[in-house]
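In what follows, a single structure is set out as structure tokens and then discussed.
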Amino acid sequence: MGVIASHSADPFVADTSVPGTRVGIAIHGAGSWKPFWVAPTPTDFMMLLACFTQACVVECLNRPDGDEAEDESRPPACHNRVAVLLRDRAPEVDAAAFLDHLCQ
């Protein structure tokens, strides 16, 4: 298992011991470093990131002028867009777990 990225000191890990090399997140402060798995392959993980980026860009472009929130939370509309995009492109990805992690 190896660390491939991190967000707020929480590592994203690739598990090379299983076919497909699943990708997960290990949250610090949760009592253990056991990851929860969000994508069955690195390709699916990249699709998750691409869909997340696309959904957030659409959300930002659709905000009314002057409505630029400073907080890091993502609006539910963005979450819904990510889920819709992933449903067809990478159905095995756990978008809810990934988005929940980012909103912590």
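Reading the sequence shown from the start, the letters are residues 86 to 189 in this note's numbering. Each residue gets a CB set at the ideal place from its N, CA and C atoms; glycine is no exception. What you are looking at is a predicted structure, and each value in this text was computed from that prediction instead of being measured.
{"Query": "Selected residue, minimal CA-CA separation from residue 108, among 117, 114, 93 and 131", "Result": "131"}
{"Query": "Completely contained beta strand (DSSP E) runs for the segment 111-147, where each covers 3 or more residues", "Result": "121-124"}
{"Query": "Helix, strand or coil at residue 95 according to DSSP, with G and I counted as helix", "Result": "strand"}
{"Query": "Within 7 Å, strictly: CB atoms of residue 127 and residue 106", "Result": "yes"}
{"Query": "Status (buried if at least 16 other CB within 10 Å, exposed otherwise) for residue 137", "Result": "buried"}
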